[in-house]
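K.L.:
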Amino acid sequence: MRALHTADWHIGQTLNGWSREAEHEVFLAAIGEVLEREKIDLLLVAGDIFDNTNPSGESQRLLYRALADFKRRRPALSVVISGGNHDPALRLEAPNDLLEGFDIHTVGTLRRRDGKVDLDAHLIPVKDQGGAVAAYVLAIPFLRAADLTGISFSQGPQGVSVIEAARRFHQEITDAATQIVGDVPLIATGHLHCAGGLESEGAERRILMGGAHAVPPDIFPERIDYVALGHLHGPQNLDGGRVRYAGSCFPLSASEIRYSHGVTVLDIDGRDITATHVDIGWPAPVLRLPESGLTTLAGLEAALAEIEEVETIGLRPLVYVELEAEDAPAVVMGKAEALLQNAPVRPAGVRIHRPAQDTENRQAPPVVPLSETTPEALFIQAFEAANGFMPEERHLAAFRDVAGGV
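In case it helps, the working numbering puts the sequence shown at residues 99 to 504.
#1: Touch check for the segment 434-442 and the segment 468-477: three-plus C-beta pairs under 8 Å?
#2: For Q227, count neighbouring Cβ atoms within 10 angstroms of its own Cβ and tell me buried if that reaches 16, exposed if not.
#3: Given H451, which residues of its chain have a CB within under 8 Å of its CB, disregarding the five upstream and five downstream residues?
#4: In whole angstroms, what separates the C-alpha of S180 from that of L113?
#5: Cutting at 6 Å between CB atoms, please list the residues of its own chain near N335, excluding the five before and the five after it.
#6: Looking only at its chain, what residues have a beta carbon closer than 6 Å to the beta carbon of Y418, apart from the 5 residues adjacent to it on each side?
#7: Is DSSP giving D185 helix, strand or coil here?
#8: Along the beta strand (DSSP E) that carries P445, what are the first and last residues, could you check?
#9: Going by the CB atoms, is the gap between V363 and V384 shorter than 8 Å?
#10: Run the CB neighbour count on G332, radius 10 Å, all protein chains shown included, and call it buried at 16 or more, exposed below.
#11: Looking only at its chain, what residues have a beta carbon closer than 7 Å to the beta carbon of D245, apart from the 5 residues adjacent to it on each side?
#12: Let me know the secondary structure DSSP gives S252 once reduced to three states.
#13: Nearest-angstrom Cα distance between L330 and A286?
#14: Counting pairs of Cβ atoms below 8 Å between the segment 314-323 and the segment 100-109, do you hit three or more?
#15: Specify, as a first and last residue, the run of the beta strand (DSSP E) that R386 falls within.
#16: Between the segment 199-207 and the segment 152-163, do three or more beta carbon pairs fall short of 8 Å?
#17: The alpha helix (DSSP H) that contains T276, what's its start and end?
#18: For my contact list, P381 and V124 are in at a C-beta cut-off of 8 Å; report their separation, rounded to the angstrom.
#19: Mind the definition here: the segment 397-415 touches the segment 365-372 only if three or more C-beta pairs lie below 8 Å; say whether that holds.
#20: Reducing DSSP to helix, strand and coil, say where I405 ends up.
#21: How many Å lie between F348 and A120 at the Cα?
#22: Just checking my contact of D216 with V177 at CB under 8 Å: how many whole Å lie between their CB atoms?
#23: Less than 8 Å between the beta carbons of Y234 and V282, yes or no?
#24: Grouping DSSP H, G and I as helix and E and B as strand, with all else coil, what is E179?
#25: How far does the beta strand (DSSP E) with D367 in it extend, from its first residue to its last?
#26: How big is the Cα-Cα spacing for G254 and A237?
#27: Keeping to the same chain, check which residues put their C-beta closer than 7 Å to that of R340; ignore five residues upstream and five downstream.
#28: Note down the Cα distance separating L141 from G379, rounded to an integer number of angstroms.
#29: Do you know whose CA, among I138, L175 and N183, lies nearest I328's CA?
#30: Using 8 Å as the threshold, is the C-beta distance between F148 and D185 below it?
#31: Can you grab the Cα-Cα spacing for the pair R211 / D218, in whole Å?
#32: Looking at H122: is its Cβ nearer than 8 Å to the Cβ of L160?
#33: Assign L290 to buried or exposed, taking buried as 16 or more other Cβ atoms, counted over all protein chains shown, within 10 Å of its Cβ.
#34: Between S250 and the rest of its own chain, which residues show a CB-CB distance below 6 Å, the 5 nearest in sequence each way excluded?
#35: If I measure Cβ to Cβ from T394 and keep anything under 8 Å in the same chain, skipping five residues before and after, which residues do I get?
#36: Per DSSP, E420 forms a beta bridge with which residues?
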């Protein structure tokens, strides 16, 4: 059996006001091609399918259109989707009565019955072409602090740390599943931050589980043969590869430009599971101008001139710009925005960097009584502190115009 592990699609995301819808369409079509090319039997999506808890109708349509395409390509495909911290848990589960008829299962929230986890809602058998159960998926969505209560351990949740409560929760649900699974491969999903995993800035919302930011990977019992995680956007292995983040769909922030985005293909041979990263190219370039350091307005203009026109606006390059403050920041920003507006790009962010100042050895200016200074002198002092250089005559002229009208 072969499975595909993916996560953190964030359908509906916008970046600096730009929709990523066209990029998501290309990415989801690429997943369909991987499913077909690699002859995948099981698709695992480990949370953050949507970017927010109130996804638009178009975002939901994009998801269901993709699922329909996946099933057309691989009619016998089993799909298990578990919710993340960005997802609308109950809305994700709402179409289950319909979707399960197509062997598509969504688990958005933890379900309990008589105080215990409802395995009927969380343990999903995956059958091979002959109809025999070839693997089980223990679908665990993003866990909130309340999900760790009501567990049958003697001290109660107030008597142990959150990490210990999480460890006991996973042990309890795994023990219950093992009574059903026997020696069949057991794969779990999860959406959380495991200690040792590398974070990225910008798109990952720091999540807490009862006040704990990260939990160790050993909260997942050894009986689980593979743990398909979501939340951290960089593809990475923990616990020798038994616990893995597949990573996000494409760069969702500037810090993710360095990642190799894609999906994880699992070869399941009995309880031996081998994970292989498969690259999926970015639907649209995400650039930092310059690649390192800072550039000037002239350098920015030259870099933009080399970017080719793309007809579909939603697939034009997203660019982050790091500029030197050659002039007052507001002036530099205005000129940069004009250059970007006329270029075939989608501006993702512009930062103006003032010249480095020796703040350690710099002495504070002496306090001067107002009777011994002038408004213009105070303006010059404030301008230099804000911009790192003395005002030019045009700046002084502008100040005098304003000051003269007061």
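Glycine included, C-beta positions come from ideal geometry on N, C-alpha and C. No experiment lies behind these values; they were computed from the predicted model shown.
P.N.:
On the basis of the supplied data:
#1: no
#2: Here residue 227 corresponds to residue number 129 of the sequence shown, with the count starting at 1. Per the 10 Å Cβ criterion, exposed.
#3: Here residue 451 refers to the residue found at position 353 when the sequence shown is read from its first residue. If we look at H451 and ignore the five residues flanking it on each side, its Cβ neighbours are L392, E420, L421, E422 and A423.
#4: Counted from its first residue, the sequence shown places residue 180 at position 82. Counted from its first residue, the sequence shown places residue 113 at position 15. Approximately 25 Å between the Cα atoms of the pair.
#5: Residue numbering aside, residue 335 sits at position 237 when the sequence shown is read from its first letter. Hits under 6 Å: R342.
#6: The sequence position of residue 418 within the sequence shown is 320, counting from 1. Cβ neighbours of Y418 beyond the five flanking positions: A352, R386, A446 and G447.
#7: Here residue 185 corresponds to residue number 87 of the sequence shown, with the count starting at 1. DSSP places D185 in coil when its eight states are reduced to three.
#8: Working through the sequence shown from its first residue, we reach residue 445 at position 347. Counting along the chain, the beta strand (DSSP E) containing P445 begins and ends at R444 to H451.
#9: Here the question's residue 384 lines up with position 286 in the sequence shown. Here the question's residue 363 lines up with position 265 in the sequence shown. No, these two residues do not count as a Cβ contact at 8 Å.
#10: By one-based count along the sequence shown, residue 332 stands at place 234. Classification of G332: buried, given that the 10 Å Cβ count is 16 or more.
#11: Residue 245 sits at position 147 when you count from the first residue of the sequence shown. Answer for D245: L208, listed in chain order.
#12: The residue given as residue 252 occupies position 154 in the sequence shown. Here the model assigns S252 a pLDDT of 44, short of 50, so the residue's position is not dependable, and the following value carries that caveat. Reduced to three states, the DSSP call for S252 is coil.
#13: For the purposes of this step, residue 330 is taken as residue 232 along the sequence shown, with counting starting at 1. For the purposes of this step, residue 286 is taken as residue 188 along the sequence shown, with counting starting at 1. About 17 Å.
#14: no
#15: Position 288 of the sequence shown holds residue 386. R386 -> beta strand (DSSP E) spans V384 to L387.
#16: No, they do not touch.
#17: Numbered from 1 along the sequence shown, position 178 holds the residue referred to as residue 276. It spans V260 to V279 - the alpha helix (DSSP H) in which T276 sits, taken as one unbroken run.
#18: The residue given as residue 381 occupies position 283 in the sequence shown. The residue given as residue 124 occupies position 26 in the sequence shown. Confirmed, about 4 Å.
#19: no
#20: Within the sequence shown, the letter at position 307 stands for residue 405. I405 falls in the coil class under three-state DSSP.
#21: Here the question's residue 348 lines up with position 250 in the sequence shown. Here the question's residue 120 lines up with position 22 in the sequence shown. About 12 Å.
#22: Mapped onto the sequence shown, residue 216 falls at position 118. Mapped onto the sequence shown, residue 177 falls at position 79. Going by Cβ atoms, the distance from D216 to V177 rounds to 20 Å, so no, they are not a contact pair.
#23: Here residue 234 corresponds to residue number 136 of the sequence shown, with the count starting at 1. Here residue 282 corresponds to residue number 184 of the sequence shown, with the count starting at 1. Yes, the pair counts as a contact, with Cβ atoms nearer than the cut-off.
#24: Residue numbering aside, residue 179 sits at position 81 when the sequence shown is read from its first letter. First, the amino acid is wrong: residue 179 is Ile here, not Glu. Three-state result, I179: strand.
#25: Here residue 367 refers to the residue found at position 269 of the sequence shown. Per DSSP, D367 belongs to the beta strand (DSSP E) from G360 to D367.
#26: By 1-based counting over the sequence shown, the position of residue 254 is 156. By 1-based counting over the sequence shown, the position of residue 237 is 139. Only weak support is given to the placement of G254: the predicted model assigns it a pLDDT of 46, under 50, and the value that follows is read from those uncertain coordinates. Between G254 and A237, the alpha-carbon positions lie close to 24 Å from each other.
#27: Residue 340 sits at position 242 when you count from the first residue of the sequence shown. The residues are Y324 and V325.
#28: Taking the sequence shown and counting its residues from 1, the one referred to as residue 141 is at position 43. Taking the sequence shown and counting its residues from 1, the one referred to as residue 379 is at position 281. One C-alpha to the other measures close to 19 Å.
#29: Taking the sequence shown and counting its residues from 1, one reaches residue 328 at position 230. The sequence given here has Gly at residue 328, not Ile. Out of I138, L175 and N183, N183 has the C-alpha closest to the C-alpha of G328.
#30: Numbered from 1 along the sequence shown, position 50 holds the residue referred to as residue 148. Numbered from 1 along the sequence shown, position 87 holds the residue referred to as residue 185. Cβ atoms of F148 and D185: closer than 8 Å.
#31: For the purposes of this step, residue 211 is taken as residue 113 along the sequence shown, with counting starting at 1. For the purposes of this step, residue 218 is taken as residue 120 along the sequence shown, with counting starting at 1. Approximately 10 Å, taken between the alpha carbons.
#32: Position 24 of the sequence shown, counted from the first residue, corresponds to residue 122. Position 62 of the sequence shown, counted from the first residue, corresponds to residue 160. Yes.
#33: The residue you call residue 290 lines up with position 192 of the sequence shown. L290 should be labelled buried.
#34: Along the sequence shown, read from residue 1 onward, the residue named residue 250 stands at position 152. Per-residue confidence for S250 stands at a pLDDT of 45, beneath the threshold of 50, marking its modelled position as unreliable; no derived number is given.
#35: On the sequence shown, position 296 is the one that residue 394 refers to. Once the five neighbours on either side are set aside, the close Cβ partners of T394 are L421, E422 and E424.
#36: Numbered from 1 along the sequence shown, position 322 holds the residue referred to as residue 420. E420 is bridged to R449.
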